[in-house]
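**Student:** UniProt numbering numbers the first residue of the sequence shown as 1 and each following residue consecutively.
Note that CB positions come from ideal geometry on N, CA and C, so glycine has one too.
The structure presented is a predicted model; accordingly, all values stated were derived computationally and were not measured.
Let me begin by handing over the structure; questions about it come next.
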Amino acid sequence: MRTVALSRLPNLYLGTMTFGWKAQTSSPVDDAIAATMVQSFINHSANAPSVHIDTARIYAGGDSERMLGSALSNLEGGLSSNILLGTKAHPSQPDGLSSKGIRAQLDASLASMGVASVNEYYLHQPDENNSLLESLQTLNTLVQDGIISSIGMSNYHAAEVQRAFDLCNEYNLAKPTVYQGLYNPLNRCVEDELLPVLRQNGCAFVAYNPLAAGLLTGKHQKDTVVAGRFKDNPNYLPRFYTDANFEAVQLIRSSCDTADIPMVEATYRWLLCHSALNGELKDGVLIGASSMHQLEENLKSFSYAKDSSELELPCELVGAFDAAWDVIRGGHERPFPYWRSYSSDMPNRVDLDPGVSVETEIQNDSNGYEWKIVMFPGGTAHSDEGFVAAVLSPDECINRVQPNAKCQFSVKHRKGQSVHEIDFDYPMKDGSVAHNFIRRSDLIGNPDKYLIDNCLHIDVSIQIVERAVVDFEYNRLMSLLGKNMVAHYNAFGEYIYPMSPRNGADLIFKIQIGDEMLRAHSLIINANAPILAESYKKTDNSEIIVDIHGTFPKVFNILLCYIYAEVLPDLNDMLEYGRQIIDTANKYDIDELKSIVEAELVRCRILDKKNVCDWLLFADSTVCLQMKNYAISFLKLHAHEVLASEHSSELKESPEFMMELFLGAIPEHTYDSALYANSSVRAAFNTNSSDPLGPNNCNPTWSLAPLCCSVLGMDPWIGTDTEGKPPRLIGIVITSLANAVVESRPDPFSESITTGKESAVGTRITSTPSESSSATEHRKVFSKDCDSFALTVAAAS
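Take a look at the structure:
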């Protein structure tokens with residue numbers, strides 16, 4: 001066992017909620033017991049740098065503060081400077097957490113305790129009727145006046161805590177330095193999203209309910225609610241009395257029995273050594289008691305730990321605590337949330353509650369399906385704690401079966417590159433659900449990475465896959481000749497056309513790749529493939545050998561099958577030989593086969609970041625408009641990653657492609673900049689400069705570089721030369737813009753910008769005209785011709 005540094009041990013706080021509160025204890029703590037408890041705690045902490053005692057204005061209707069003040073006035077040796085007091089303002093009091101309400105509550109608290117100031121003053125929980133900003137401004141003034149030393153928060157959601165820090169930065173206010181929250185082995189929800197926010201902002205965390213309100217003493221039974229804090233108390237009973245909690249307690253108890261360590265002691269040692277608490281960060285554990293005996297038992301556990309150099313628990317027992325938490329967060333009931341509501345000025349505050357959803361308006365895709373996006377900022381019943389859930393669902397499919405679809409959710413950075421992606425590829429019974437789409441702590445703690453204009457932007461691309469184009473039946477009525485040939489195919493299991501000279505085959509195609517011979521009939525080739533027929537000249541009835549270069553025997557056989565009877569390859573062959581089939585069909589002008597295979601490849605979404613550039617160049621060379629539009633759309637979605645990779649070297653040398661990408665990628669909000677850029681180009685190239693990229697180029701031209709880089713998702717200052725000029729790639733785009741002006745082409749921006757509309761939940765949907773089929777996809781687009789769209793969620797999510 002290793003020795004844990006004493007400096008890492010969390011500070012110990014005495015909680016006084018039970019003082020005078022008859023509803024919370026079977027034997028109320030009166031003034032005499034309270035005084036004894038306070039003195040005992042101070043004696044126990046005699047060697048500690050400071051002694052922390054916590055209370056609140058609402059405890060026992062103010063009686064807790066009065067009893068604490070009475071105990072402090074009778075201390076042995078008086079009230080020393082190392083005794084640090086903390087109390088809280090509650091929204092349920094008159095005027096709540098408004099400036100007036102906070103000041104009134106603090107005055108009453110100081111009077112009750114008989115002190116002139118307190119160390120920590122907390123906002124007890126969010127105020128639904130008053131703004132957080134007003135509360136923080138009031139606390140800032142109290143700090144400046146020396147009435148309070150530290151600002152605290154309690155029971156606030158991580159998003160609102162982060163918002164508090166942001167408001168303090170914006171208005172130059174004193175920041176909260178301590179947060180008091182629910183934390184114990186049965187509820188570790190704060191680890192996922194709250195603690196990262198606190199750590200990032202230098203704020204300490206003090207855990208209350210360390211023994212889960214007594215459940216971890218082992219004295220409570222699920223079917224028996226004894227008198228005390230659980231009896232008829234909506235704040236405690238549902239928080240702890242759950243099947244999962246009692247199952248977890250039993251798991252911990254069994255391991256404690258095996259290790260021969262009392263469960264209370266094991267719990268405190270777990271908090272000290274194995275939890276997320278850290279005394280070096282000024283974290284603390286708040287202990288309370290409803291009797292002197294309970295306090296002594298709790299302090300005994302801490303005394304044991306303080307005096308021992310071996311604080312860590314056995315590995316098996318630590319594993320039991322972790323397994324207990326897995327039981328709780330994996331159960332049917334969600335762990336009790338660590339927060340309670342939100343302040344009145346919290347943006348989209350109700351959207352953060354578990355199960356509360358935000359829906360987009362319904363949109364139609366190119367196949368006639370109606371879709372909607374549902375976001376669950378607080379997660380779903382199946383989400384792990386701290387995760388945002390996202391659902392893409394077909395809303396209504398009249399007279400249709402629900403579709404199979406491939407889809408992708410992609411969170412975009414402000415520069416355009418994807419920073420978080422989730423893919424789905426399965427039948428969408430009730431929608432594609434990402435229960436653990438993204439951690440809220442990531443969104444809250446890394447706003448510069450995930451948020452744009454304080455919003456979360458999610459690009460969604462979908463691809464309907466109803467069925468393969470070919471279902472092993474003929475898609476057309478075959479000619480009599482074709483049917484006879486099918487019989488040969490079925491009988492011999494070989495090629496669909498006759499193989500024997502006695503059947504009239506008078507052509508032999510010699511496939512150079514593989515050196516294979518395939519027979520055919522010149523009559524059929526002449527009628528159905530005249531371009532192929534031009535490769536030979538037949539003047540008599542003798543056999544002719546025709547050399548075929550640049551294709552595989554399998555691919556040429558597929559071509560012959562289609563020439564003879566319009567029989568299509570199966571989907572597996574299309575996926576394996578798709579490019580070769582298209583290339584061969586294009587070479588011999590078999591346009592229908594080329595188009596069908598092309599459409600099926602697009603429908604199956606074959607592109608990825610490694611092959612998209614090759615496919616784009618290939619589609620352009622073979623005049624495959626569907627595939628070209630699909631590739632361009634895919635490239636727009638992933639421009640930053642693809643253009644920065646080694647796979648795009650050939651593409652970068654094509655100004656036409658770069659220009660097309662640039663124009664198509666300009667979003668709505670860039671329209672004004674684009675128009676300005678266009679006018680800048682016109683102004684720049686009204687000169688006689690013959691080399692737009694040369695040393696004599698005009699400065700206004702290079703002012704286009706940030707715009708080009710922004711649209712293409714690149715950093716304009718990476719790769720600049722010694723003169724500060726952008727890299728060659730951006731130069732190509734600028735040159736293309738210049739040429740468009742110099743050659744008096746139509747304004748390249750005039751038909752590229754479309755307008756959008758805002759839905760009630762902040763979803764921007766744009767529609768761009770396209771020559772492509774339903775299989776193409778466009779960034780931030782969901783229209784008849786394109787199946788993708790963008791979802792914008794408020795940053796509070």
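What are the start and end residues of each continuous beta strand (DSSP E) run of 3 or more residues lying completely inside the stretch 110–196, in chain order?
**Tutor:** 118–123, 148–154, 176–182
**Student:** Determine contact between the stretch 159–171 and the stretch 241–248, defined as no fewer than three beta-carbon pairs at a distance below 8 Å.
**Tutor:** no
**Student:** Output yes or no for whether 9 Å exceeds the beta carbon distance between L604 and L571.
**Tutor:** For the record, residue 604 in the displayed sequence is Cys; it is not Leu. Yes.
**Student:** Are K510 and D547 closer than 9 Å when you measure CB to CB?
**Tutor:** Yes, the pair counts as a contact, with Cβ atoms nearer than the cut-off.
**Student:** Using the beta-carbon count (16 or more within 10 Å), is V197 buried or exposed?
**Tutor:** buried
**Student:** Does DSSP put K449 in a helix, in a strand, or in coil?
**Tutor:** helix
**Student:** How is the alpha helix (DSSP H) around R603 delimited, first residue to last?
**Tutor:** It spans 591–603 - the alpha helix (DSSP H) in which R603 sits, taken as one unbroken run.
**Student:** Helix, strand or coil for R103 per DSSP?
**Tutor:** helix
**Student:** For the stretch 316–323 against the stretch 124–136, do three or more pairs of beta-carbon atoms, one drawn from each stretch, fall closer than 8 Å, so that the two count as touching?
**Tutor:** No: the two stretches stay apart, fewer than three of their Cβ pairs being nearer than 8 Å.
**Student:** Under 8 Å, with one C-beta from each stretch per pair, do the stretch 106–115 and the stretch 291–300 reach the 3-pair mark?
**Tutor:** Segments in contact, no.
**Student:** At 3 residues or longer, what runs of the beta strand (DSSP E) sit wholly inside the UniProt domain "BTB" (505–564)?
**Tutor:** Counting only runs of 3 or more, we get 507–511, 516–520, 544–548.
**Student:** Look up T224 in the DSSP assignment and say whether it is helix, strand or coil.
**Tutor:** In the structure shown, T224 adopts extended strand secondary structure according to DSSP, grouped into three states.
**Student:** Indicate whether Y183 and A207 have their beta-carbon atoms separated by less than 9 Å.
**Tutor:** yes
**Student:** Can you tell which of H293, M627, K100, L110 has the C-alpha that lies nearest to the C-alpha of R579?
**Tutor:** M627
**Student:** Take A585 and list the residues in its own chain whose beta-carbon comes closer than 6 Å to its own, dropping the five residues that flank it on each side.
**Tutor:** L593, K594
**Student:** Buried or exposed: H124, going by 16 or more other Cβ atoms within 10 Å of its Cβ?
**Tutor:** Taking all protein chains in view, the Cβ of H124 is crowded by 16 or more other Cβ atoms within 10 Å, so the residue is classified as buried.
**Student:** I need the boundaries of the beta strand (DSSP E) containing Y13, first residue and last residue.
**Tutor:** Element bounds for Y13: 11–15.
**Student:** Using DSSP with H/G/I as helix, E/B as strand and the rest coil, what is N278?
**Tutor:** coil
**Student:** Mind checking which residues open and close the beta strand (DSSP E) that includes G86?
**Tutor:** 83–89
**Student:** Quick check: what's the CA-CA separation for Y241 versus W325?
**Tutor:** 15 Å
**Student:** Which residues does DSSP pair with G284 in a beta bridge?
**Tutor:** N11, V206
**Student:** When the Cα atoms are used, what is the spatial distance from N557 to H521?
**Tutor:** 13 Å
**Student:** Compare the Cα-Cα distances from residue 814 to each of H90, Y630, D591 and report the closest residue.
**Tutor:** Lying before the first or after the last residue shown, residue 814 is absent from the chain, which here runs from 1 to 797.
**Student:** Would you kindly check if the distance between the Cβ of L313 and the Cβ of H274 is under 9 Å?
**Tutor:** yes
**Student:** Could you tell me whether the Cβ atoms of S343 and L97 are closer together than 9 Å?
**Tutor:** yes
**Student:** Taking the alpha-carbon positions, what's the I287 to V374 distance?
**Tutor:** 42 Å
**Student:** Would you call the stretch 77–92 and the stretch 44–53 in contact, with 3 or more CB pairs under 8 Å?
**Tutor:** Yes: the two stretches touch, three or more of their Cβ pairs being nearer than 8 Å.
**Student:** I think I33 touches M292, with their Cβ atoms under 8 Å apart; what is that distance to the nearest whole Å?
**Tutor:** Between the beta-carbon of I33 and that of M292 there is about 6 Å, and that keeps the pair under the 8 Å contact cut.
**Student:** P10: which of W21, S45, T18 sits nearest, CA to CA?
**Tutor:** Comparing Cα positions, the closest option is S45.
**Student:** When DSSP labels each residue in this structure, what does R334 get in the three-state scheme?
**Tutor:** Looking at R334 - three-state DSSP - the assignment turns out to be coil, as it is neither helix nor strand.
**Student:** Pull the bridge partners of H52 from the DSSP assignment, please.
**Tutor:** Y13, L84
**Student:** Strictly by DSSP, which residues pair up with residue 799?
**Tutor:** Nothing can be reported for residue 799, as the shown portion of the chain is limited to 1 through 797.
**Student:** Determine the direct distance from the alpha carbon of L194 to that of Y671, and round the result to whole angstroms.
**Tutor:** Note that Y671 has pLDDT 38, beneath the 50 cutoff, so the model's placement of it is unreliable and the number below is only indicative. C-alpha separation (whole angstroms): 39 Å.
**Student:** Using the Cβ count rule (16 or more neighbours within 10 Å means buried), how would you classify V190?
**Tutor:** buried
**Student:** Could you please give me the residues that DSSP links to R439 through a beta bridge?
**Tutor:** F387
**Student:** Per DSSP, V29 forms a beta bridge with which residues?
**Tutor:** F19
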